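A.B. asks: Protein chains in written order, with this note's numbering: chain A, 946 to 1260; chain B, 946 to 1260; chain C, 946 to 1260; chain D, 946 to 1260.
Spelled out as structure tokens, the structure:
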């Protein structure tokens, strides 16, 4: 049996036919309709129909839909998806009406984590913590070989556990959330702070940003770091230190076999991985003696969401 | 089928016959032999033999042994149990030779958490986080209805996730571990600090401690708090605030249905529960809107270890 | 001899005739010209001329000008005054050309602190730390009976000493500055956070703000606190706790005889003073035994700037 | 006129004849009598008599005595000196009876700071903050050219301002004091932590300590750092980072012209100075634009106490 995985993003709906090995055999894309759950379900239906039409009848057995939002533990209702304008939306029912196949709805970070666990950097392990260092920090937990969604579907919000009491304000309303220290946004903040308070040391960063502090971006910091610019490397070192501290906490709680780091920050490769690993090793409890979880980089890139949603439709 | 649960503590080995409902039908106790794994296995063997001798042949089908230490994920080897002087100890094999029945070894906090999940304050829930506020902080995770031991058997060391970067030194070698802020030891530290720096406010505490700061104990603070002493209540408020902060972090990561608080600090009942719940509600991410995990007190007391170890022997 | 004190604020230039006892005998006001140092000096000149014209010749002997900005240690040049658009501005020279009298330029917070020390809440003490809990936190130090301006004129920037490493971002480019925790802005942030995450508890605050979280202001929180609203009182308690922590740090460094609290937050009187004093007493080092500095409220209100600038012109 | 400076330490009483340039012309030493203020005054008297006997009559005009303890603002009474067993001790009166000359009592860190300000690394500056990175952290403030003792004589206790809220426990009863992060003791703690949790990285440190974690000392870490050992350098980097953060806070409050670092940790020279300066520059508020205080190393070493006490006797 094949399945279809759908990844509903803020700008496009991407769907693909997924086989047992997580391979994406065929793929389509549509623009995301804004703030209209009915149209959204229609677009998903159209994407599924198009993909099915290119396969022999009956080959596609189920549909998994990943969405950036809180999904109820019944895998049917989107509690809230801010960017898509959804709230208490019975998305499974709506999509099912269009496709006439079993449908499950999943949180997109969970779907991607599942894909990495099954087919990517985490394959072969039963206990995996995926951490997406994007603009913010997302997460997915595979524990005992199963996706851990939590009681109300909102587990793995690792970006919002508190790293620093009374720390930096977060959009979530709390202070000191991990994502204020170890995300892409944190990287940019470090770079801009440096450019603002020590323009001399940040010379290369400022040059790449045409002299405008506010234009120092993650892309620019990464480029400068790859050229060996000490200021840019320092930004990655600071963010990596915080990221490693967070992994140490997650290891104390969950004892995974490996961490899989994804998201834009992880594109910097060893520039971020080295400080993350060093910080993790230095801060994890039970040292020495404890067997350390490995820290790996995600392998599936942007298609993890489709592969994961498709595969989760089998369960 | 009945099983036998054994709880190896620092001073005594307690064993009991456990039925399907977690009831302890019969019980024996022996002193714990010190620093001798052979004798320890013998004592466990003797306890099991005695309990079996009082039951019809064949009624006892398996033995579960809880031990305060890191247990390998194969439930056979004790990696390290500081208080018992064990290191890389093949305890399952040794005990099995004595009892001739299937044996599993479990971490004692995991065993107790399992008992609370199955038969105690957590029954009916599939996602439970047990937090033992004893001298330090221990923990046990029941996720998706199963005990989560982690890849190397050392999950749920929640007392050693970092609450405060660069915070108070912990015996584990790290700084800022949660148990430095929200355990019984932390409660005593608050009480003694107060007695030292503000003897007037701590008058009642000092009186109960015969005027000796170092004798201000958890028992004394609890007694004074129950009498309504404002200084003692303040100690509980501070510890409860930190405990609630930790629950908020665990909720962000794990999204449980309930927390079960055990250990000596939880004996103070609402005196500790009220500040814990208030702090948790105020600090958890996703407010308002998020469905809050309940915070309950453990129900099984000191026998949870026996009941849990016995029940886990069935799996 | 009488002097004239001038207080250059963002919207108005206030000037007054000041006698030896800090009494303001006559007063005028003009709107502040924007971003034009020439016009600014002219307006100051006009104000001085008007006040002098009402006094017998020769009674006014000197002019002191307070300005919200960094003033060089020579009391002549404004290094930077963001709100007035001044940078490296030889303000003394310019004003002197208009008034033909000796002129000194002072930082406005220093001028106000001097007035409180000489004529207000701090009179009789030689070691006074003034802390203005306004939108941000300003400060002024009178040590050994003299105003402490520092080597480069920028001492007493107490709002920007670091309260929390890796703490809340500050407009100054650093993180964790005291003014992010204990200022009027911090009070508003606490109130709005509460209204956002726990609307039920913040019912009264929200009602006074017409249900709009962003309209919860310092004035509203103060009003609600005076009515006894527990949520508003909690906001003051939190801010007071941080304020007291800061005073404890300043006491460890400076050992003053008293602290004088001014600024809008201090208008709440005991509602803020009680938690500040309790926190200070609990956190100051050397307890018990240490003689505690008193914590008083400023007495001179908005006229402190004129009185202080006028008096400092004598030195 | 010459004076005599006396430095009462825990093990020895050192006294010297001090001229107007802070030169020590003659010197004697006696063992410190324990816990007996009478004998202590006698020993001081004997030391003074001996030094006077070697000079022409009348050349010595006054005696200054430095003591490790809190000294009242009247420079007469030792409030408390834990190591010498003094409490509310009228030391000036007692010593005066023996020597028949004007006597002043000073805190020893203040005396040493004064000497550095007048004759050592701080000469030429009117605003100096001396920070002694010894076992703990001591301090001395010279502001406006005068020693700042505070209202009750206990100013400049910079080691006990709070660096980290809820941070490491300090012997003073508080948590998070600066000296828990940036003193010699903190350096040793970093080294021992490293040796305990990462013996491989700390190989050189452990070798110098004969393999015993508890024997990793400040001397050993300094030696290893001078050899270029990365682990030892990391210890200094961490301590230097915290030291620089503290200087940044002191600069925000006091705006000195220079910091003078003394104490055992500063013996490492650039190994500690480089990270201190980098951290100070990065964390001080008002960057860029602000003129930075210099960070210098103390020049007078162990004799600063005698020279400072002697010179302060002139005032």
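Each residue gets a CB set at the ideal place from its N, CA and C atoms; glycine is no exception.
All values derive from a computational prediction rather than experimental measurement.
Quickly, what does DSSP pair residue 947 (chain C) with across the bridge? List them, please.
C.D. replies: For the purposes of this step, residue 947 (chain C) is taken as residue 2 along the third chain, with counting starting at 1. C:1005.
A.B. asks: Using only CA atoms, which one of C:1252, C:1259, C:1260 lies nearest to residue 951 (chain C)?
C.D. replies: As a first step, residue 951 (chain C) must be located in the third chain, where it is residue number 6. Answer by Cα proximity: C:1252.
A.B. asks: Run through chain D and tell me which residues come within less than 8 Å of residue 1055 (chain C), C-beta to C-beta.
C.D. replies: For the purposes of this step, residue 1055 (chain C) is taken as the residue at position 110 of the third chain. Ordered by position in chain D, no residue passes the 8 Å Cβ test against residue 1055 (chain C), which lies about 12 Å from the chain.
A.B. asks: Who pairs with residue 1203 (chain B) in a beta bridge, going by DSSP?
C.D. replies: Mapped onto the second chain, residue 1203 (chain B) falls at position 258. Bridge partners of residue 1203 (chain B): B:1073, B:1239.
A.B. asks: Near residue 1174 (chain C), what residues of its chain come up, given a Cβ to Cβ distance below 6 Å and the 5 sequence neighbours on each side ignored?
C.D. replies: Walking along the third chain from the start, residue 1174 (chain C) turns up at place 229. Around residue 1174 (chain C): 1149.
A.B. asks: Could you work out which residues of chain B lie near residue 1118 (chain D), taking near to mean beta carbons separated by less than 9 Å?
C.D. replies: Here residue 1118 (chain D) is taken as the residue at index 173 of the fourth chain, counted from 1. 1138, 1141, 1142, listed in chain order.
A.B. asks: Which residues of the region 1229 to 1250 of chain D have a Cβ closer than 8 Å to any Cβ of chain A? Give them in chain order.
C.D. replies: Listed by position along the chain: 1232, 1233.
A.B. asks: Which residue from B:1096, B:956, B:1215 puts its Cα closest to that of residue 1018 (chain B)?
C.D. replies: Start at 1 with the first residue of the second chain, and residue 1018 (chain B) comes out as number 73. Taking only the C-alpha atoms, the option nearest residue 1018 (chain B) is B:1096.
A.B. asks: Residue range of the beta strand (DSSP E) that residue 1110 (chain A) falls in?
C.D. replies: Working through the first chain from its first residue, we reach residue 1110 (chain A) at position 165. It is not in any beta strand (DSSP E) - residue 1110 (chain A) carries neither H nor E in the DSSP assignment.
A.B. asks: Per the contact definition of three or more C-beta pairs closer than 8 Å, is the region 1000 to 1018 of chain A in contact with the region 954 to 970 of chain A?
C.D. replies: The region 954 to 970 of chain A vs the region 1000 to 1018 of chain A: in contact.
A.B. asks: Near residue 987 (chain C), which residues of its chain fall below 7 Å by C-beta distance, leaving aside the five closest residues on each side in sequence?
C.D. replies: What you label residue 987 (chain C) is simply residue 42 of the third chain in a count that begins at 1. Within the same chain, residue 987 (chain C) has close Cβ partners 1043.
A.B. asks: With 16 other CB atoms within 10 Å as the buried threshold, where does residue 1024 (chain A) fall?
C.D. replies: Stepping through the first chain from its first residue, residue 1024 (chain A) is reached at position 79. Residue 1024 (chain A) is buried by the Cβ-count criterion.
A.B. asks: Exposed or buried, which one is residue 1171 (chain D) when buried takes at least 16 other CB atoms within 10 Å?
C.D. replies: Working through the fourth chain from its first residue, we reach residue 1171 (chain D) at position 226. When all chains shown are included, residue 1171 (chain D) counts as exposed.
A.B. asks: Which residue from C:1073, C:1040, C:1041 puts its Cα closest to that of residue 1241 (chain C)?
C.D. replies: Translated into positions along the third chain, residue 1241 (chain C) becomes position 296. The candidate whose alpha carbon is nearest that of residue 1241 (chain C) is C:1073.
A.B. asks: Return no unless some Cβ of chain B is closer than 9 Å to the Cβ of residue 1264 (chain C).
C.D. replies: For chain C, the structure presents residues 946 to 1260; residue 1264 (chain C) sits outside this window and is missing.
A.B. asks: Note down, in chain order, every chain D residue with its Cβ under 7 Å from the Cβ of residue 1130 (chain A).
C.D. replies: Position 185 of the first chain, counted from the start, is the residue given in the question as residue 1130 (chain A). Simply none; closest approach about 20 Å.
A.B. asks: Under a CB-based cut-off of 9 Å, is residue 1086 (chain B) close to chain A?
C.D. replies: Here residue 1086 (chain B) refers to the residue found at position 141 of the second chain. So yes, residue 1086 (chain B) belongs to the interface.
A.B. asks: Below 7 Å on C-beta distance, what does residue 1199 (chain A) contact in chain B?
C.D. replies: On the first chain, residue 1199 (chain A) is found 254 positions in, with the first residue counted as 1. Within 7 Å Cβ-Cβ: 1095, 1100.
A.B. asks: If residue 978 (chain B) and residue 970 (chain B) are in contact, beta carbons under 8 Å, what's the gap, nearest whole angstrom?
C.D. replies: Taking the first residue of the second chain as position 1, residue 978 (chain B) is located at position 33. Taking the first residue of the second chain as position 1, residue 970 (chain B) is located at position 25. The pair is not a contact, with the Cβ atoms about 26 Å apart (cut-off 8 Å).
A.B. asks: Closest by CA to residue 1026 (chain C), which one among C:981, C:1131, C:1067?
C.D. replies: Position 81 of the third chain, counted from the first residue, corresponds to residue 1026 (chain C). Minimum Cα distance to residue 1026 (chain C) is reached at C:981.
A.B. asks: State the beta-bridge partners of residue 1091 (chain C) as determined by DSSP.
C.D. replies: For this step, residue 1091 (chain C) is matched to residue 146 along the third chain. DSSP output for residue 1091 (chain C) lists C:1088 as bridge partner(s).
A.B. asks: Classify residue 1140 (chain B) as helix, strand or coil using the three-state DSSP reduction.
C.D. replies: Here residue 1140 (chain B) refers to the residue found at position 195 when the second chain is read from its first residue. Correct three-state label for residue 1140 (chain B): helix.
A.B. asks: Quickly, what does DSSP pair residue 1052 (chain A) with across the bridge? List them, please.
C.D. replies: What you label residue 1052 (chain A) is simply residue 107 of the first chain in a count that begins at 1. Note: residue 1052 (chain A) sits in a beta bridge opposite A:1012.
A.B. asks: Hey, how far is the Cα of residue 1181 (chain D) from the Cα of residue 1189 (chain D)?
C.D. replies: One-based indexing of the fourth chain puts residue 1181 (chain D) at position 236. One-based indexing of the fourth chain puts residue 1189 (chain D) at position 244. Those two C-alpha atoms are separated by around 12 Å.
A.B. asks: Mind listing the chain D neighbours of residue 978 (chain A)? Cutoff is C-beta to C-beta under 9 Å, in chain order.
C.D. replies: The sequence position of residue 978 (chain A) within the first chain is 33, counting from 1. Going along chain D, no residue has its Cβ under 9 Å from residue 978 (chain A), so there is no contact; the nearest lies around 48 Å.
A.B. asks: Closer than 9 Å, CB to CB, is residue 1149 (chain C) near chain A or not?
C.D. replies: Working through the third chain from its first residue, we reach residue 1149 (chain C) at position 204. Judged by the 9 Å Cβ criterion, residue 1149 (chain C) is not in contact with chain A.
A.B. asks: By the DSSP assignment, the alpha helix (DSSP H) with residue 1221 (chain C) in it spans what residues?
C.D. replies: Sequence index remark: in the third chain, residue 1221 (chain C) carries index 276 (1-based). 1215 to 1228 is the extent of the alpha helix (DSSP H) around residue 1221 (chain C).
A.B. asks: By the criterion of Cβ-Cβ separation under 9 Å, what are the contact partners of residue 1110 (chain C) in chain B?
C.D. replies: One-based indexing of the third chain puts residue 1110 (chain C) at position 165. In chain order: 1110, 1111.
A.B. asks: Locate the beta strand (DSSP E) running through residue 962 (chain B), then write down its first and last residues.
C.D. replies: By 1-based counting over the second chain, the position of residue 962 (chain B) is 17. From DSSP, the beta strand (DSSP E) with residue 962 (chain B) extends over 957 to 963.
A.B. asks: For the beta strand (DSSP E) that contains residue 1272 (chain D), what are its first and last residues?
C.D. replies: Any property of residue 1272 (chain D) remains undetermined from this structure, which presents chain D solely from 946 to 1260.
A.B. asks: Specify whether the region 1208 to 1217 of chain D and the region 1085 to 1104 of chain C touch according to this definition: at least 3 beta carbon pairs, one from each stretch, less than 8 Å apart.
C.D. replies: They do not touch, by the three-pair rule.
A.B. asks: For the candidate residues D:1216, D:1110, D:1046, whose alpha-carbon lies nearest to that of residue 1132 (chain D)?
C.D. replies: Stepping through the fourth chain from its first residue, residue 1132 (chain D) is reached at position 187. Answer by Cα proximity: D:1216.
A.B. asks: Applying the 10 Å Cβ sphere with the 16-neighbour rule, what's the burial state of residue 1156 (chain A)?
C.D. replies: Residue 1156 (chain A) sits at position 211 when you count from the first residue of the first chain. Result: exposed.
A.B. asks: So what does DSSP say about residue 970 (chain B), is it helix, strand or coil?
C.D. replies: Taking the first residue of the second chain as position 1, residue 970 (chain B) is located at position 25. If DSSP states are grouped into helix, strand and coil, residue 970 (chain B) belongs with the strands.
A.B. asks: So is residue 1106 (chain C) in contact with chain A if we call contact Cβ pairs under 9 Å?
C.D. replies: To locate residue 1106 (chain C), count along the third chain from 1; it is residue 161. No, residue 1106 (chain C) does not count as interfacial toward chain A.
A.B. asks: Would a C-beta distance cut-off of 9 Å place residue 1227 (chain D) and residue 1143 (chain A) closer than the cut-off?
C.D. replies: As a position in the fourth chain, residue 1227 (chain D) is number 282, starting the count at 1. As a position in the first chain, residue 1143 (chain A) is number 198, starting the count at 1. Yes, the pair counts as a contact, with Cβ atoms nearer than the cut-off.
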